[in-house]
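Residue numbers (the working numbering): 1 to 667.
Below is one structure, written out as C-alpha cells; comments come after it.
Below, the structure written as C-alpha cells:
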C-alpha cells in the first residue's frame, strides 16, 4: 500500500482545524477588523487581510482595502505561505515565478507586493495568513520590526479564534446544563426507584444556604440517617484530609469553580474508608451566577479496592525482582498490601510452630504507628494461633468483642490494632509464615481480600525461599572453595616435599605457580557459584597476582566462560605472564603487555580471539628448548590449538582462537 501523501495530510488537518473553529462565512467582528487596520497602518499598505484557506477558496474574515470577501484558490497568494512558520515576503509579484501569472497580478487590482504571517493554531496547524498587500513593488520588503509586529498580530488572530471557540463551547455547555437541570427536576420522582436499584444517590445543593436535598440512596451511601435535607458540612467533614481539594465547598460553589466529576474518600464511623464517585453540574440564574449544584453519587469502593489489589500484585513482582534480602522483601510486600487495603500496619512473620512464636522483620507502618519488629508469642495476643496451625485464616473484626482476642484487647488496642487479619502460609505441610494486616478503625473484610492476602503470602514465601536457597548455595560454594584450596595446598605441599631433591628448581617453581593459577581460577568460579566467570575477571585476577597490573592493558567485550574455559584461560595467562617476567616485556622497568579479546560471528559459529602483545622489552627470541609451558601455550584455549606466535619486533605476540560455544559450556 502506498504511503499517504504528506501534503494531503496537512491539507486535511487544516480543514479540520477550520471546521473546529466554526469561523467560515461568519459575520464581520470588530476585534478582527481592528487587527487588519493595525497591520495596514504598521506596514504602510493599502490592503490587509485575515485570510483563511479552504479546499477551493480563500475566505477573508477581516479585510481592508480589498472589495471581495473571498477568491478562488487559484488566485491565492496566501496558499504559498502555508508551508512555513516564517513570514512570506514577495517584493514583486510580477517577478516571482510562483505569482507572476496570478490573475490578481496580471489584472485588477494589479497587486505587486505581498507579505503574509501564517496563522498557526496551538496544534501547529497553519490555517491561513494575516497578510498585507500593495499595488506597488517593494524591493526592500518589510523591516524586521514590521515582520515581528505582523507575526504578533497573527498570534492575536489565533488567540481570538481560540477565545471564540471556548466561548461557543461554554454556551453549548450552559445550554446542555440547563437542559439537564430541567430534565432532572421533571423526572426526580420517577427516578427514585431506579436510583435505589442502581445504588445511585442524588443531591441538590442550594448554594445560597449551603443546604442540600438528598435522596434515600444518598443517605445510605454516606451511612447517614434517612432525611430529606442535610447541611453540606455534614458530608464535607467526612472527606479525608488528603482529598479535601477534590470536594466542593461554599467558596468554590459560589464561584462555580468546584470540580464536577471527581472521586474522593470518606471515613465512615464503623465502616472505615469508602470511595465516592461524584458527578455534578451547576444551574445558573438569568445573570449566569450558579445557584444550585446538582448531581449523583456512587459508592465505588469495591471497584477501587479490586483495582488496587490487581496493581499491588503486579507491583509485587517488580519489587521482589530487585530485592535480595528477606527483610527488604517483607517491608516491600507489607507496603503494597497496606496501601491496597488501607491498613495501618502490614507485614510478614517467620513462624516457629512448635514454640508458637513468630519473628517479625521490620514491617510497613503508617505514620505514627509503632513497629512490631521482633519476637512475639502468639498466645500473648489471644488464642487464634490454634486456627492458624489448622491452616485457617483468622479475621477478627473487633479485638474487643471477638472471643479469641477480647481477653487481650487492651494490649492489642495499645498497639493500634482494632481489626486483625492473619493468613497462615504453609510449605510442605508445615506452618512457615504468617501474613498480617492491622487496622486501627473498623474495616469490612471481604472474601476477595482474604484471597488477595493469601496470594501475596504465597508469592513472598516463594521469593524468600529463593533467597534462602541462594544464601545456602553461597555458603556451600564457599565451603567447597575452602576445601578445594586446602586440597590444592596439600597437593602443593606434597609436591614440594617430593620434588625437594630435584636440582632444577625452575621446574618445581613453575609447577607450584601453575597450581596457584588453578586456585585463582577456582576462586573466580566459586564467586559465580561455579557457573561461569568473566574473561576480564580471570585476566584481572591473574595479572594482579604478579604485582604489575599497572603495566598491563586489558580490554574486550563482556564475555563469560564456563568452568573448563576459565581454568584453561587462567593457565595460559599464567604461562604467558611467567615468560614475560623472565624473558619478555615485564623483565625490565619499561615494557608493557596488551591483552585484547574480541568475538567474530554470531550464534554457534561465533569465534573468540585472544591477543597477547608485548612491547618495550628486550629483543624477543625463540626458546632453545620447548618445555611444558611452551607446549601449554601452543595447545591454546581448552587444548584446541589455533595459536599463532611471533618473536618479531617489537616483542613477543600470540593470538589464540577457539569456538565461543565450547568456551562457554559448563563442562
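Ideal Cβ positions, reconstructed from N, Cα and C, are used throughout, including at glycine.
Item to complete: With DSSP as the reference, label residue 69 as helix, strand or coil.
Response: Here the question's residue 69 lines up with position 69 in the chain shown. In the structure shown, the three-state DSSP call for residue 69 is coil.
Worksheet item: What are the complete alpha helix (DSSP H) segments, minimum 4 residues, inside the region 294-344?
Response: Listed in chain order, the complete alpha helix (DSSP H) runs (minimum 4 residues) inside the region 294-344 are 301-321, 326-341.
Practice prompt. Look at the Cβ atom of residue 234, then the Cβ atom of residue 246, and state whether they are nearer than 8 Å.
Written response: Numbered from 1 along the chain shown, position 234 holds the residue referred to as residue 234. Numbered from 1 along the chain shown, position 246 holds the residue referred to as residue 246. No, the pair does not count as a contact, with Cβ atoms beyond the cut-off.
Practice prompt. Give the single residue among 140, 209, 294 whose Cα lies nearest to the Cα of residue 215.
Written response: Indexing the chain shown from 1 puts residue 215 at position 215. Residue 215 has its Cα closest to that of 294, out of 140, 209, 294.
Worksheet entry | Between the CA atoms of residue 315 and residue 166 - distance to the nearest angstrom | Stepping through the chain shown from its first residue, residue 166 is reached at position 166. Stepping through the chain shown from its first residue, residue 315 is reached at position 315. Near 41 Å, if we compare the C-alpha coordinates of residue 315 and residue 166.
Item to complete: Kindly identify the DSSP beta-bridge partner or partners of residue 600.
Response: Your numbering for residue 600 matches position 600 in the chain shown. 607, per the DSSP bridge assignment.
Item to complete: Would you check whether the ligand FMN has a heavy atom nearer than 7 Å to the C-beta of residue 148?
Response: With respect to small molecules bound, the structure shown includes none, and the ligand FMN cannot be examined in it.
Discussion item. Short of 6 Å in beta carbon distance, which residues of its chain neighbour residue 272, apart from the five on each side in sequence? Order them along the chain.
Written reply: Stepping through the chain shown from its first residue, residue 272 is reached at position 272. Around residue 272: 441, 442, 443.
Worksheet item: Under the rule that 16 or more other beta-carbon atoms within 10 Å means buried, what is residue 2, buried or exposed?
Response: To locate residue 2, count along the chain shown from 1; it is residue 2. Bear in mind that a pLDDT of 46 at residue 2, under 50, signals an unreliable position, so the number given afterwards is only what the model happens to contain. When all chains shown are included, residue 2 counts as exposed.
Worksheet item: Where does residue 574 land, buried or exposed, given buried means 16+ other C-beta within 10 angstroms?
Response: Counting from 1 along the chain shown, the entry for residue 574 is found at position 574. So residue 574 ends up on the buried side.
Worksheet item: In chain order, what residues of the same chain lie with their CB nearer than 6 Å to the CB of residue 270, ignoring the 5 residues before and after it?
Response: As a working mapping, residue 270 is identified with position 270 in the chain shown. These residues qualify, in order along the chain: 442.
Worksheet item: Is there contact between the region 343-357 and the region 423-435, where contact requires at least three CB pairs shorter than 8 Å?
Response: yes
Worksheet item: Around the C-beta of residue 61, are 16 or more other C-beta atoms found within 10 angstroms, so that it is buried, or is it exposed?
Response: The count along the chain shown starts at 1 and reaches residue 61 at position 61. The residue is buried, with at least 16 neighbouring Cβ atoms inside 10 Å.
Discussion item. Taking the beta carbon of residue 135 as the centre, do at least 16 other beta carbons fall within 10 Å, making it buried, or is it exposed?
Written reply: Along the chain shown, one-based indexing puts residue 135 at 135. Flag for residue 135 reads exposed.
Worksheet entry | beta strand (DSSP E) runs contained entirely in the region 234-271, provided each spans 3 or more residues | Those beta strand (DSSP E) runs which fall completely within the region 234-271 and span 3+ residues are 261-268.
Practice prompt. Use the C-beta contact count for residue 359: other C-beta atoms within 10 angstroms, 16 or more gives buried, fewer gives exposed.
Written response: For the purposes of this step, residue 359 is identified with residue 359 of the chain shown, where counting begins at 1. Classification of residue 359: exposed, given that the 10 Å Cβ count is below 16.
Worksheet item: Exposed or buried, what is residue 591 when buried is set at 16 or more other beta-carbons lying within 10 Å of its beta-carbon?
Response: If you number the chain shown from 1, residue 591 lands on position 591. Residue 591 is buried by the Cβ-count criterion.
Discussion item. Can you check which of these residues, 227, 175, 289, 266, is closest to residue 257 by C-alpha distance?
Written reply: Taking the chain shown and counting its residues from 1, the one referred to as residue 257 is at position 257. Among 227, 175, 289, 266, the Cα nearest to that of residue 257 is on 289.
Worksheet item: Between the C-alpha atoms of residue 205 and residue 370, what's the straight-line distance to the nearest angstrom?
Response: Taking the first residue of the chain shown as 1, we reach residue 205 at position 205. Taking the first residue of the chain shown as 1, we reach residue 370 at position 370. Between residue 205 and residue 370, the C-alpha separation is close to 42 Å.
Practice prompt. Could you check the C-alpha separation between residue 333 and residue 352 for me, to the nearest Å?
Written response: What you label residue 333 is simply residue 333 of the chain shown in a count that begins at 1. What you label residue 352 is simply residue 352 of the chain shown in a count that begins at 1. Going by the C-alpha atoms only, they are around 21 Å apart.
Practice prompt. Alpha carbon to alpha carbon, how far is residue 571 from residue 604? Give it in angstroms, no decimals.
Written response: Residue 604 sits at position 604 when you count from the first residue of the chain shown. Residue 571 sits at position 571 when you count from the first residue of the chain shown. Across the structure, residue 604 and residue 571 are spaced so that their CA atoms are roughly 25 Å apart.
Discussion item. Could you give the first and the last residue of the continuous alpha helix (DSSP H) run that contains residue 565?
Written reply: For the purposes of this step, residue 565 is identified with residue 565 of the chain shown, where counting begins at 1. From DSSP, the alpha helix (DSSP H) with residue 565 extends over 563-582.
Worksheet item: Can you list, in chain order, the residues of its chain whose CB lies under 7 Å from that of residue 194, leaving out five sequence neighbours each side?
Response: Locating residue 194 in the chain shown gives position 194, counting from the first residue. Its pLDDT being 48, under 50, residue 194 is placed unreliably in this model, and the coordinates cannot settle the point.
Fill in: Contact check, residue 390 vs residue 396, beta carbons under 8 Å
Here residue 390 is taken as the residue at index 390 of the chain shown, counted from 1. Here residue 396 is taken as the residue at index 396 of the chain shown, counted from 1. Result no, Cβ atoms of residue 390 and residue 396 do not sit closer than 8 Å.
Worksheet entry | Run of the alpha helix (DSSP H) containing residue 24, from where it starts to where it stops | As a working note, residue 24 is residue 24 in the chain shown. Careful: residue 24 lies outside any alpha helix (DSSP H) and carries neither H nor E.
Practice prompt. Please name the residue in 304, 211, 647 whose C-alpha comes closest to that of residue 618.
Written response: Start at 1 with the first residue of the chain shown, and residue 618 comes out as number 618. The residue with the shortest Cα to Cα distance from residue 618 is 647.
Discussion item. Between 244, 210, 243, which has its C-alpha nearest residue 230's C-alpha?
Written reply: Counting from 1 along the chain shown, the entry for residue 230 is found at position 230. Out of 244, 210, 243, 210 has the C-alpha closest to the C-alpha of residue 230.
Fill in: Integer Cβ distance of residue 39 from residue 150, believed to fall under 8 Å
Within the chain shown, numbered from 1, the residue matching residue 39 stands at position 39. Within the chain shown, numbered from 1, the residue matching residue 150 stands at position 150. Indeed, because the Cβ distance is near 6 Å, the residues count as touching under 8 Å.
Fill in: CB-CB length for residue 85 against residue 133, believed under 8 Å
Counted from its first residue, the chain shown places residue 85 at position 85. Counted from its first residue, the chain shown places residue 133 at position 133. The Cβ separation is near 21 Å, so there is no contact.
Worksheet item: Taking DSSP as the reference, what is the three-state secondary structure of residue 559?
Response: As a first step, residue 559 must be located in the chain shown, where it is residue number 559. If DSSP states are grouped into helix, strand and coil, residue 559 belongs with coil.
Practice prompt. To the nearest angstrom, report how far apart residue 406 and residue 176 are at their CA atoms.
Written response: Within the chain shown, the letter at position 406 stands for residue 406. Within the chain shown, the letter at position 176 stands for residue 176. One C-alpha to the other measures close to 58 Å.
Discussion item. Please state the DSSP three-state secondary structure of residue 436.
Written reply: What you label residue 436 is simply residue 436 of the chain shown in a count that begins at 1. Correct three-state label for residue 436: strand.
Worksheet entry | residue 654 burial status per 10 Å Cβ neighbour count (16 or more: buried) | Along the chain shown, one-based indexing puts residue 654 at 654. Taking a 10 Å sphere around the C-beta of residue 654, we find 16 or more other C-beta atoms and assign the residue as buried.
Worksheet item: What three-state label does DSSP hand residue 58 in the structure shown?
Response: Here residue 58 is taken as the residue at index 58 of the chain shown, counted from 1. If DSSP states are grouped into helix, strand and coil, residue 58 belongs with the strands.
Worksheet item: Assuming residue 419 contacts residue 453 under a Cβ cut-off of 8 Å, what Cβ separation, rounded to an integer in Å, is found between them?
Response: Here the question's residue 419 lines up with position 419 in the chain shown. Here the question's residue 453 lines up with position 453 in the chain shown. Their Cβ separation, rounded to whole angstroms, is 13 Å, which puts residue 419 and residue 453 out of contact at 8 Å.
Worksheet item: Using the beta-carbon count (16 or more within 10 Å), is residue 36 buried or exposed?
Response: As a position in the chain shown, residue 36 is number 36, starting the count at 1. Result: buried.
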